[in-house]
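Enquirer:
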Amino acid sequence: MNENKLNTNNKLNSISINVPPRHYSTSLIAGAVAGTVVDVALFPLDTLKTRLQSQYGFVQSGGFRGIYKGLTPTIIGAPFTAGLFFGTYDGFKNLFPNVSNNTAPLVHLCAGIVGEVVCCTTKVPIEIVKQRRQASPNQESILKIIRNAYANEGVFGFYRGFWTTVMRDVPFSMLQLPIWEYLKKEYRNFTGKPLTTLEVAFCGSISGGVAAALTTPIDVTKTQIMLANSAVDQNFSTVFKNIYLNKGINGYYINIYIF
1 MNENKLNTNN KLNSISINVP PRHYSTSLIA GAVAGTVVDV ALFPLDTLKT RLQSQYGFVQ
61 SGGFRGIYKG LTPTIIGAPF TAGLFFGTYD GFKNLFPNVS NNTAPLVHLC AGIVGEVVCC
121 TTKVPIEIVK QRRQASPNQE SILKIIRNAY ANEGVFGFYR GFWTTVMRDV PFSMLQLPIW
181 EYLKKEYRNF TGKPLTTLEV AFCGSISGGV AAALTTPIDV TKTQIMLANS AVDQNFSTVF
241 KNIYLNKGIN GYYINIYIF
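Per UniProt numbering, the sequence shown starts with residue 1, numbered consecutively.
1. How big is the Cα-Cα spacing for T238 and G192?
2. Just the C-alpha distance for L175 and S61, rounded to the nearest angstrom, thanks.
3. If we ignore side chains and look at the alpha-carbon of each, how far apart do V200 and G83 end up?
4. According to the neighbour-count rule (16 or more other Cβ atoms, all chains shown, within 10 Å of its Cβ), is G154 buried or exposed?
5. Quick check: the Cα distance between S54 and F85, rounded to an integer number of angstroms?
6. Taking only the alpha-carbon atoms, compute the straight-line gap between L177 and T74 and give it to the nearest angstrom.
7. Suppose the cutoff is 6 Å on Cβ atoms and the five residues either side in sequence are ignored; what does the same chain contact list for N13 look like?
8. Quick check on the burial criterion: 16 or more other C-beta atoms within 10 angstroms. Buried or exposed for S16?
9. So, using beta-carbon positions, are L227 and A135 closer together than 8 Å?
10. For a test of the three-state rule: what should DSSP assign to R51, helix, strand or coil?
11. Which residues in the same chain as G115 place their Cβ atom closer than 6 Å to its Cβ, once the five residues preceding and following it in sequence are excluded?
12. When the Cα atoms are used, what is the spatial distance from Y159 to V124?
13. Taking F240 and T221 to be in contact with their CB atoms under 8 Å, please state how far apart those CB atoms are, rounded to whole angstroms.
14. Suppose you measure from the CA of W180 to the CA of A151; what does that come to, to the nearest Å?
15. Three-state secondary structure (DSSP) at E140?
16. Taking residue 263 as the reference, give the member of T36, V166, A211, V118 with the closest Cα.
17. In chain order, what are the residue ranges of uninterrupted alpha helix (DSSP H) at least 4 long that sit wholly in the segment 100 to 182?
18. Kindly list the residues whose CB is nearer than 7 Å to the CB of F43, restricted to its own chain and excluding five residues on each side of it in sequence; keep chain order.
19. Please report how far the alpha carbon of K184 lies from the alpha carbon of S205, in whole angstroms.
20. Report the rounded CA-to-CA distance for F92 versus V59, giving the unit in angstroms.
21. Does the Cβ-Cβ distance between T81 and T122 come in under 8 Å?
22. Report the option in T216, Y252, Y182, P217 whose CA atom is closest to the CA atom of F202.
23. So the candidates are R51, N98, N255; which of them puts its Cα closest to the Cα of G66?
24. Q224 by DSSP, collapsed to three states: which one?
25. Taking all protein chains shown into account, do 16 or more other C-beta atoms lie within 10 angstroms of the C-beta of Y252, making it buried, or fewer, making it exposed?
26. G63 by DSSP, collapsed to three states: which one?
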């Protein structure tokens, strides 16, 4: 009897997640649509956030005027960025079709990290053009921003702040998803019934807000690196230190209420 029980336990521990893997193209298309809708809907808040984080000051960067400046790069780039993330995320998970329930969270975590790094190849150039358009005190056109970036730094000018963006996005995902799962579990235990779509979204908004707040110092640094006039100003440690010297600890959290 003990032997049978042991065999049963071993089988349970090795049970795979019995969910048919989605083709990466399905995730790519679904992610592209969802990402575009979210980015466009929240774009005014993103503009205000960028201007608050700008080293040139909120008013000089545009204040509350023209809150849809830079929307064009977002509409063009959001489908590629979001689609690339979700396509990579599910594509990576599909490499491990027989993963056990015990190791599934680790696979999901690694898939998220790989997805974030890969999607930054399109996200960063779009972010640079978008944020410079959002915070341009001289009302520079998108074409002029692109020409200046290439003239000053070549192709690398469009990848300024790449690793800082990765430093922000990877911890964000690592914080958001576990908090989201924890909140759903605790809420389900409290109510004793499955969560509605609205309740799941509410848990997601809380987890996203917490993750965003904790990674805000890196986000502020990333924005100032992308908006800097010269490549000399793009060193992470230098920009991070200058924010503290100029504004103290509050400089890292100037836009936190936007979240």
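Glycine residues also receive a C-beta, built at the ideal position from the N, C-alpha and C atoms.
What you are looking at is a predicted structure, and each value in this text was computed from that prediction instead of being measured.
Expert: Let's see:
1. Your numbering for residue 238 matches position 238 in the sequence shown. Your numbering for residue 192 matches position 192 in the sequence shown. Their Cα atoms are separated by approximately 51 Å.
2. Sequence index remark: in the sequence shown, residue 175 carries index 175 (1-based). Sequence index remark: in the sequence shown, residue 61 carries index 61 (1-based). As the crow flies, the alpha-carbon of L175 is around 31 Å from that of S61.
3. Within the sequence shown, residue 200 is the residue found at index 200, counting from 1. Within the sequence shown, residue 83 is the residue found at index 83, counting from 1. Approximately 22 Å, taken between the alpha carbons.
4. One-based indexing of the sequence shown puts residue 154 at position 154. The residue is exposed, with fewer than 16 neighbouring Cβ atoms inside 10 Å.
5. The sequence position of residue 54 within the sequence shown is 54, counting from 1. The sequence position of residue 85 within the sequence shown is 85, counting from 1. The alpha-carbon separation between S54 and F85 amounts to approximately 27 Å.
6. Position 177 of the sequence shown holds residue 177. Position 74 of the sequence shown holds residue 74. In this model, L177 and T74 are separated by some 25 Å (Cα to Cα).
7. Locating residue 13 in the sequence shown gives position 13, where the first residue counts as 1. Since pLDDT at N13 reaches only 43, below the 50 mark, its modelled position is unreliable, and the value read off the structure follows with that caveat. Excluding sequence neighbours, N13 sits near nothing in its chain.
8. Within the sequence shown, residue 16 is the residue found at index 16, counting from 1. Residue placement at S16 is flagged as unreliable, the pLDDT there being 42, under the threshold of 50; a coordinate-derived value is accordingly withheld.
9. Your numbering for residue 227 matches position 227 in the sequence shown. Your numbering for residue 135 matches position 135 in the sequence shown. Their beta carbons are under 8 Å apart, which means L227 touches A135 by this criterion.
10. The count along the sequence shown starts at 1 and reaches residue 51 at position 51. Correct three-state label for R51: helix.
11. In the sequence shown, the residue the question calls residue 115 occupies position 115. In its chain, beyond the 5 residues on either side, F85, T88, Y89 have a beta carbon closer than 6 Å to the beta carbon of G115.
12. In the sequence shown, counting from the first residue as 1, residue 159 sits at position 159. In the sequence shown, counting from the first residue as 1, residue 124 sits at position 124. Approximately 6 Å, taken between the alpha carbons.
13. Locating residue 240 in the sequence shown gives position 240, counting from the first residue. Locating residue 221 in the sequence shown gives position 221, counting from the first residue. Between F240 and T221 a beta carbon distance of about 5 Å is seen, short of the 8 Å cut, so the two are scored as contacting.
14. Within the sequence shown, the letter at position 180 stands for residue 180. Within the sequence shown, the letter at position 151 stands for residue 151. A direct Cα-to-Cα measurement between W180 and A151 gives close to 44 Å.
15. Residue mapping note: residue 140 aligns to position 140 of the sequence shown, counting from 1. In the structure shown, the three-state DSSP call for E140 is coil.
16. Outside the shown range of the chain (1 to 259) lies residue 263, about which nothing can therefore be said.
17. You should have 104 to 134, 142 to 153.
18. Numbered from 1 along the sequence shown, position 43 holds the residue referred to as residue 43. Excluding positions up to five away in sequence, the list reads Y68, L71, T74.
19. Translated into positions along the sequence shown, residue 184 becomes position 184. Translated into positions along the sequence shown, residue 205 becomes position 205. C-alpha separation (whole angstroms): 12 Å.
20. For the purposes of this step, residue 92 is taken as residue 92 along the sequence shown, with counting starting at 1. For the purposes of this step, residue 59 is taken as residue 59 along the sequence shown, with counting starting at 1. The alpha-carbon atoms of F92 and V59 are separated by roughly 44 Å.
21. As a position in the sequence shown, residue 81 is number 81, starting the count at 1. As a position in the sequence shown, residue 122 is number 122, starting the count at 1. Yes, they are a contact pair.
22. On the sequence shown, residue 202 is found 202 positions in, with the first residue counted as 1. Residue Y182 is the option with its Cα nearest to F202.
23. Here residue 66 is taken as the residue at index 66 of the sequence shown, counted from 1. Ranking the options by Cα distance to G66, first place goes to R51.
24. Within the sequence shown, the letter at position 224 stands for residue 224. Taken through DSSP and simplified to helix, strand or coil, Q224 comes out as helix.
25. Stepping through the sequence shown from its first residue, residue 252 is reached at position 252. Counting Cβ neighbours within 10 Å, Y252 comes out buried, since at least 16 surround it.
26. As a position in the sequence shown, residue 63 is number 63, starting the count at 1. In the structure shown, G63 sits in coil (DSSP, three-state: anything other than H, G, I, E or B).
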